[in-house]
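Undergrad: Heads up: the sequence shown runs through residues 0 to 131, numbered per numbering that gives the first Met the number 0. Ideal placement from N, C-alpha and C gives every residue a C-beta, glycine not left out. Provided herewith is a single structure, encoded as structure tokens, for subsequent inquiry.
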Amino acid sequence: MEKTRITAQFLASKRHTPFVWGENDCHTIVLELNDSLYNENSLDAIYKKYKDVKGCYRLAKTLDAQQYMESLGYTQGQRIIDADIVLVKHKHGYFSHIALAGNLYSMNPEKGLVGASVKAFKDIEYTIWRRT
């Protein structure tokens with residue numbers, strides 16, 4: 000329950016925060032949430048290490064997202080629950096999402112924080128990451 004509350008408060012704090020590559024994008028919010036939940040500084044690994052989509056793709060080639068999640072203590076889950084991290088594979092890396100209340104939240108370059116029902120992802124390949 001505590002993770003759900005912290006996740007909800009974290010996402011609410013991002014509601015009107017503009018998207019910025021390398022500072023407030025789909026990858027940084029996942030690591031920022033991790034740091035809020037577990038009192039760590041995983042965000043330091045990528046914060047301000049890129050300033051545009053090409054830089055993000057370059058970083059993705061050097062940092063394996065799945066190995067990084069495992070290094071933070073996450074394991075793969077089978078069913079999405081609150082505070083899970085959901086990685087959606089694309090040709091240059093992953094889109095990162097945070098699960099809460101049946102929705103997946105991420106950052107969009109044009110809109111900032113966006114959410115969609117988990118049901119909208121039923122035909123999309125993704126991995127679920129959970130830390131207990």
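Out of 64, 23 and 74, which has the shortest C-alpha to C-alpha gap to residue 51?
TA: Comparing Cα positions, the closest option is 23.
Undergrad: Going by DSSP, name the residue or residues bridged to residue 127.
TA: Paired residues: 76 and 85.
Undergrad: Going by DSSP, what residues sit across from residue 9 in a beta bridge?
TA: Paired residues: none, contrary to the question.
Undergrad: Among 127, 123, 61 and 122, which has the Cα closest to the Cα of residue 98?
TA: Nearest option by C-alpha distance: 127.
Undergrad: Are the CB atoms of residue 65 and residue 86 nearer to each other than 9 Å?
TA: Contact flag set, yes.
Undergrad: Suppose the cutoff is 7 Å on Cβ atoms and the five residues either side in sequence are ignored; what does the same chain contact list for residue 40 look like?
TA: The residues are 34.
Undergrad: Are residue 117 and residue 105 touching if we call contact CB-CB under 9 Å?
TA: The answer is no: Cβ separation not under 9 Å.
Undergrad: Rounded to whole angstroms, what is the Cα-Cα separation between residue 7 and residue 100?
TA: About 9 Å.
Undergrad: Which partner residues does residue 94 have in the DSSP bridge list?
TA: In DSSP, residue 94 forms a bridge with 87.
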